[in-house]
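*Asks:* Next up is a structure, given as structure tokens.
Residue numbers (the numbering used here): 97 to 177.
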């Protein structure tokens, strides 16, 4: 965040939208990162291979990315403070 806040000021994007984008990025990364211990433990306990998990969640993940992009665009357009 120490780098992103001055960057958002430079680009004239509100700080709130910058934090929102950071939170979306961090949350979405945790859904598919194979180094996430909790994800791998749950997949192992359920007997699901990681490749099968990616195939199943791929379309859902793309939908979440699109939803996040739209919400960030709306936040920028309404000048969210």
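Note that beta-carbon positions come from the ideal geometry of N, C-alpha and C, so glycine has one too. None of the values given here were measured: they were computed from a predicted structure.
Return the chain-ordered list of same chain residues with a C-beta closer than 6 Å to the C-beta of residue 120, the five sequence neighbours on each side being excluded.
*Replies:* The answer, listed in chain order, is 164.
*Asks:* Would you decide whether residue 117 is buried or exposed? Buried here means 16 or more other CB atoms lie within 10 Å of its CB.
*Replies:* So residue 117 ends up on the buried side.
*Asks:* Comparing alpha-carbon positions, which option in 176, 155, 106, 114 lies nearest residue 128?
*Replies:* Residue 128 has its Cα closest to that of 155, out of 176, 155, 106, 114.
*Asks:* Return the chain-ordered ranges of every beta strand (DSSP E) run that is complete within the segment 99-177 and spans a minimum of 3 residues.
*Replies:* Taking only runs of at least 3 residues, no beta strand (DSSP E) segment lies wholly in the segment 99-177.
*Asks:* With a cut-off of 8 Å on the beta carbons, I'd call residue 113 and residue 159 a contact; round off their distance for me.
*Replies:* Not a contact, Cβ separation roughly 21 Å.
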